[in-house]
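In the numbering used here, the protein residues as written are 423 to 575. Cβ atoms here follow ideal geometry from the backbone N, Cα and C, with glycine treated the same way.
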Amino acid sequence: LFLAASKVGLEGKAIGLDMSADMIKRARANAAGRGLFPPNVCFVQCSLTDTLPIESNSIDCVLSNCVINLLPQSGKNHIFKEIYRVLKPGGRLVLDDILAKVELPSLIRDNVKHYISCIGGAIQMHEYNELMKSAGFKDSVFVDSLADLNVFL
């Protein structure tokens with residue numbers, strides 16, 4: 423968020439979302455330490471499985487770093503629809519996440535330990551593409567870093 427805030431400058435606005443009140447408090451303190459204050463930088467506590475508290479067609483770019491894999495499948499469907507809703511026409515989604523090479527076995531997918539370590543919720547690239555298309559996204563470009571974590575990811 424801090425890099426985005428530096429790019430939008432005083433005319434723009436960077437919004438950070440987190441479900442944890444403690445993380446919001448920490449983010450606000452970190453922002454203040456960098457001289458970043460509302461209205462140019464703000465932090466909102468919300469769940470990504472609920473309607474985002476952001477006006478429709480109001481955002482130029484959504485940045486997401488290793489978040490989608492933490493959501494249940496229904497949450498993944500929901501958040502892509504919400505992102506599409508809040509983006510302005512022609513807006514962009516920049517998403518960095520862990521992808522699965524193959525469908526994960528239930529032993530991994532259903533294990534809480536693997537889920538909270540960002541592995542259990544990983545899906546394959548074609549699944550991301552399907553989720554994005556069903557939400558309304560067009561002209562998606564996927565870049566594979568070709569970095570392998572293990573046999574599944």
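Comparing alpha-carbon positions, the option among 484, 446, 481 lying closest to residue 467 turns out to be 446. Exposed is the label assigned to residue 516, since fewer than 16 other Cβ atoms lie within 10 Å of its Cβ. Rounded to whole angstroms, the separation of the alpha carbons of residue 555 and residue 509 is 15 Å. Residue 503: member of the alpha helix (DSSP H) spanning 495-508, first to last residue.
The way I'd put it, the stretch 468-483 doesn't touch the stretch 442-460; fewer than three beta-carbon pairs between them come closer than 8 Å. Residue 486 is bridged by DSSP to 517. The stretch 493-504 makes no contact with the stretch 529-536: fewer than 3 CB pairs, one atom from each, lie closer than 8 Å. Within the same chain, and ignoring the five residues on either side of residue 464 in sequence, the residues whose Cβ sits closer than 6 Å to its Cβ are 437.
Excluding sequence positions up to five before and after residue 544, its CB lies within less than 7 Å of the CB of 491, 520, 521, 522, 526, 575, all in the same chain and listed in chain order. Of the other Cβ atoms in all chains shown, fewer than 16 fall within 10 Å of the Cβ of residue 451; this residue is therefore exposed.
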